[in-house]
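Count the sequence shown with this note's numbering and you get residues 333 to 615, in order.
Notes for the one structure printed next.
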Amino acid sequence: MITVALARPIALGIVVFGVVYAFQTRPFRVYPSLEPQDNVPLPPDYQEKTEWIFGRLMYPQHPLARFGRYARGYGRVLDWREGGTSWTQDYPRGDRHFAQILRRLTRIHVRSVEQPVNLEWDDDVYNYPFLFAGEMGDWLLTPQQASKLRDFLERGGFLMIDDFWGTEEWDRFMESMRLVFPDKTAVEIDAEDAVLHTVYDIKEQYQIPGQWGLRRGTTYRNDGSVPHFRAIYDNKGRAMVVMTFNHDVGDSWEWADDPRYPEKYSALGFRIGINSVIYSMTH
333 MITVALARPI
343 ALGIVVFGVV
353 YAFQTRPFRV
363 YPSLEPQDNV
373 PLPPDYQEKT
383 EWIFGRLMYP
393 QHPLARFGRY
403 ARGYGRVLDW
413 REGGTSWTQD
423 YPRGDRHFAQ
433 ILRRLTRIHV
443 RSVEQPVNLE
453 WDDDVYNYPF
463 LFAGEMGDWL
473 LTPQQASKLR
483 DFLERGGFLM
493 IDDFWGTEEW
503 DRFMESMRLV
513 FPDKTAVEID
523 AEDAVLHTVY
533 DIKEQYQIPG
543 QWGLRRGTTY
553 RNDGSVPHFR
563 AIYDNKGRAM
573 VVMTFNHDVG
583 DSWEWADDPR
593 YPEKYSALGF
603 RIGINSVIYS
613 MTH
């Protein structure tokens, strides 16, 4: 399995050569999803040993989290370490749809199921060079978690973050990101940046709405009407964090098999995801 324990992953185009390090990975586990429809059956090959695994970042809730009112059960606040809170938005259904697409459209040997990753689990995060996280207006990292994430990213790890909308959620997102990188800022990705051209040439960046938006006839929420594709770069110009702000890429994966969700949004969402994965392996 490819890791970022000591170095960046090694790749040639989209043919990936695994570098295996002697790190013990945690057993696979499924957590309850925030969305009941996403509690889907396990695929029959979920235990297959593969060279690449989709890492889903777990995180604690912000007290002002949009979904904070749902993160309660039987009169008690749910423990984010046990699922059912904002980090499980679009999980695991969206993750598994994306894994299927990676299998079909690249030569990466992808596991059919995701791996939830908790920054508090010793060195486990270094086993997963690509991490994805959604509903980013809801996270609130501790200083220790922020330090671990910074180390992961500076060693060559990559984080794709998605599904946060408008000024209020951006500010909550940056509250934690400033702990991770107090000396760096998020900037708009240039149209010629490799992350937009690694596999697909992404020239048209229309807004990717959530399925929730289509139900009510809009493509955005809050004051997030303008879509952005932003990144945080290291000192050598490598994108460490790519963010789809005022987009819902996770929903475009989750609902890709639903005829009520327009194909053009899933097509762009999958292209952004595939480019991000291959970029993370080659930069």
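Ideal Cβ positions, reconstructed from N, Cα and C, are used throughout, including at glycine.
Collapsed DSSP secondary structure at residue i in the structure displayed
i: GLN537; result: coil
i: VAL362; result: coil
i: HIS560; result: strand
i: GLY426; result: helix
i: TYR458; result: helix
i: ARG553; result: coil
i: TRP384; result: strand
i: TYR378; result: coil
i: GLU595; result: helix
i: VAL531; result: coil
Range of the contiguous beta strand (DSSP E) that encloses residue i
i: GLY466; result: 462 to 466
i: GLN369; result: Run containing GLN369: none; DSSP gives neither H nor E here.
i: PRO395; result: Note, PRO395: premise wrong, no beta strand (DSSP E); not H, not E.
i: VAL445; result: Neither: VAL445 is in no beta strand (DSSP E) and is coded neither H nor E.
Candidates the options: closest to residue i by CA position
i: PRO594; options: ASN578, ILE521, ARG388, GLN543; result: GLN543
i: PHE484; options: ASP515, GLU414, LEU451; result: LEU451
i: LEU472; options: VAL527, ILE433, TRP502; result: TRP502
i: SER608; options: LEU434, ARG398, VAL512; result: LEU434
i: GLN537; options: ARG388, HIS529, SER508, PHE561; result: PHE561
DSSP beta-bridge partners of residue i
i: ASP494; result: GLY466, THR576
i: GLY601; result: In the DSSP output, where bridge partners are listed per residue, GLY601 has none listed.
i: MET475; result: Correcting the residue type first, residue 475 is Pro in the shown sequence and not Met. Paired residue(s): none; PRO475 is not in a bridge.
i: GLU520; result: ARG562
i: ALA571; result: TYR565
i: LEU389; result: VAL449
Straight-line gap, residue i to residue j (C-alpha atoms, nearest Å)
i: VAL573; j: ARG592; result: 31 Å
i: SER365; j: GLU414; result: 10 Å
i: PRO375; j: GLY416; result: 21 Å
Range of the contiguous alpha helix (DSSP H) that encloses residue i
i: LEU410; result: Segment: none, LEU410 is in no alpha helix (DSSP H) and carries neither H nor E.
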